[in-house]
Amino acid sequence: MMGNMVTFTCRKCGHEQNILWGAGLFSYNDEEFADDIKDPEMSREIRLILQQDGAVVESIMESGYYCPLCYIWHDFLYFSIVTEHLVHTPIYQCEKCHNTLQLVPFENYADYPWKCQKCSSCNDVITSVSRWF
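Position in the sequence shown counted from 1, then plus 195, gives you our numbering.
Quick look at the structure:
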């Protein structure tokens with residue numbers, strides 16, 4: 196399975212940012228993917244959820260996330276875990292303003308502005324799309 200990568204390149208300073216969507220050829224073990232979560236609290240919560248009877252991991256993949264306040268992009272691991280009464284999905288916070296990040300489907304990435312994290316230029320950007328494995 197392949198994934199998509201969008202490269203945002205600032206026209207003013209040349210800074211590049213790659214955002215990944217999909218799983219590529221990377222295979223996540225349902226029992227151990229919590230190890231790949233950077234936030235220790237979220238990792239602990241995932242482990243607790245997976246211990247529940249009937250917990251099923253439906254999807255695990257890289258996804259683009261966007262801050263609607265400061266226009267900063269990130270890619271984080273998206274997952275959904277189904278338990279008896281709930282579907283658990285991650286909630287990530289912007290590292291700059293601490294606002295909740297919005298999950299952006301790959302098909303819609305062009306609908307959202309991009310702000311250069313190096314020079315703060317907004318929407319003066321070249322984007323390119325490629326595949327990643």
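Backbone N, C-alpha and C fix where the C-beta goes; we use that ideal spot for every residue, glycine too.
Check, Outcome
"With DSSP as the reference, identify every bridge partner of Thr295, one or two as the case may be.", "Gln288"
"In angstroms, rounded to a whole number, what distance separates the CA positions of Ile276 and Gln312?", "32 angstroms"
"If we count the other Cβ atoms within 10 Å of its Cβ and call it buried at 16 or more, is Phe271 buried or exposed?", "buried"
"Tyr273: which of Ser325, Pro308, Cys265, Met237 sits nearest, CA to CA?", "Met237"
"Which residue wins for smallest C-alpha separation from His283, given the options Trp216, Arg206, Cys205, Arg242?", "Arg242"
"Where does Asp234 sit, in a helix, a strand or coil, going by DSSP?", "coil"
"Which partner residues does Glu257 have in the DSSP bridge list?", "Gly217, Leu272"
"Do Cys317 and Asn294 have their CB atoms nearer than 8 angstroms?", "no"
"How is the beta strand (DSSP E) around Gly249 delimited, first residue to last?", "Premise fails: Gly249 is in no beta strand (DSSP E) and is neither H nor E."
"Can you tell me whether Ile267 is helix, strand or coil according to DSSP?", "coil"
"The beta strand (DSSP E) that contains Asp315, what's its start and end?", "Checking the sequence shown, residue 315 turns out to be Ser, not Asp. Ser315 -> no beta strand (DSSP E), and no H or E assigned at all."
"On a CA-only basis, which of Gly259, Lys207, Glu240 is nearest Leu296? Give me that one, please.", "Gly259"
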